[in-house]
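Below is one structure, written out as structure tokens, with a few remarks after it.
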Amino acid sequence: MPTEAGRTGPAGPALGALLLCRAVPGAVAPVAHLLREPMQLIRAGDEWSVLVPEGGPWRYGGEPVDRVVTGWATALAVGAPWPVLALWWDADHAGFLLASGFRRPVGFVWLASGVPAGEDEAMRTFAARVGLDPVLDVQALDQLAKPDSAADARTRLRGLLAVLARVGVSLPPELAPGEPADRLRKAAALRPDSLPVAWPGRREAVGDGDTADLSRLGPWMPWTGGPRAHALALAQVAAGVSLLARGLRRRSGGWVVAGGLLLANGTLSLAYGLTYPRD
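The sequence shown: position 239 = 225 (the working numbering), numbered continuously.
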């Protein structure tokens, strides 16, 4: 069990996050590039992958970690056909958020001491969307939403992961929630299946005439062209405008980030399609 000192980095208490995607790494990597955040990508079960971010926005930019990962998870889930589960923690809170397509995200928060600060109904909605057992698994989740003086917030996240093992989630032990972001990323980078993710730009991402790479990257990238890419670009622009408006209205940095990412990528896709039309 890590001590409190072990959870504290040079700048203070540990801040961190993990992004669990219900897809294999090969499907996650192309979409994760859109976040433009250095990350490590590894398997987290047969049908799951985990993105371990460097955490620049909260480590150097002073942005709240929960708002940042809310934006990331929403942007990833809207731009791909699989759900994204964000786990996050800071000095005062910890929690999770599930984003799935254009549905409203659902999540739960605990104070650092483990005191629940969310609604029980959120747990049930979460269980239904992930595909957990509506009786046994929901009972386990309900326990996480009740007061427990022996369980702090990070213990609650570990309990959540134990329940998610029923749907195939299997995180390596060195990626335990509660550790600092830089420590987690270094641990992930040492895994033999680890894949670094960063925004490479078009030239580095796809070589000239490399049709195999185009096929692997999938229809959501701007340089793939075709009607599917065009349709997705329009959907991203529409979703981006909606999320930006919601974020500005609620003064939520997470929604603003998500809306900005979707709007920028959708606009880029449309502009690229007009500049370089497919034959």
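Note that the Cβ used here is the ideal one computed from N, Cα and C, for glycine as well.
Check	Outcome
Distance between VAL17 and ARG188 (C-alpha atoms, nearest Å)	Per-residue confidence for ARG188 stands at a pLDDT of 42, beneath the threshold of 50, marking its modelled position as unreliable; the derived number appears in the next sentence. Whole-angstrom Cα-Cα distance: 14 Å.
Bounding residues of the beta strand (DSSP E) (the contiguous stretch that carries TRP75)	70 to 75
Cβ-Cβ separation, LEU170 to GLY2 (assumed contact under 8 Å), whole Å	6 Å
7 Å Cβ shell around SER86 - same chain, five flanking residues per side excluded	ALA63, PRO69, ARG115
Stretch pair the segment 122 to 131 + the segment 96 to 112: three plus CB contacts closer than 8 Å	yes
Contacts around GLY117, its chain only, beta-carbon distance under 6 Å, and the 5 residues preceding and following it disregarded	VAL153
Beta-carbon proximity check, PRO166 vs ARG144, cutoff 8 Å	no
Reference ALA137, options ALA80, ASP52, VAL36, ARG29, closest by Cα	ALA80
Under the three-state DSSP convention, the category TRP96 falls into	strand
Rounded straight-line distance, which links the Cα of GLY42 to that of GLU160	21 Å
Cβ neighbour criterion (16 or more within 10 Å) applied to PRO182	exposed
Reference ALA184; option with closest CA among ALA66, GLU23, SER35	GLU23
Paired residues, beta bridge with SER35 - DSSP	CYS7, ARG29
Sheet register partners of LEU84 (DSSP bridge)	LEU71, VAL92
Nearest residue (CA-CA) to ARG148, options ALA139, SER135, ASP123	The amino acid at residue 148 is misidentified as Arg; the sequence shows Ala. Considering only alpha carbons, the answer is ASP123.
Buried or exposed (CB count within 10 angstroms, at least 16 for buried), PHE88	exposed
DSSP three-state assignment for LEU294, whether helix, strand or coil	Since the first and last residues shown for the chain are -13 and 265, residue 294 lies out of range.
Exposure label - SER135; buried when at least 16 CB within 10 Å	exposed
Under the three-state DSSP convention, the category PRO120 falls into	coil
GLY(-2) in three-state terms, based on DSSP	Annotation note: pLDDT 43 at GLY(-2) (below 50); position unreliable, no value reported.
Of the residues ARG177, ARG29, ALA139, GLN26, the one placed nearest PHE82, counting alpha carbons only	ALA139
Coil, strand or helix - PRO43 by DSSP	helix
Neighbour-count burial assignment, ASP52, 16 or more Cβ in a 10 Å radius	buried
Run of the alpha helix (DSSP H) containing VAL101, from where it starts to where it stops	Looking at the DSSP string, VAL101 is not in any alpha helix (DSSP H), and its letter there is neither H nor E.
Spatial distance of TRP74 from ASP179 (CA atoms)	23 Å
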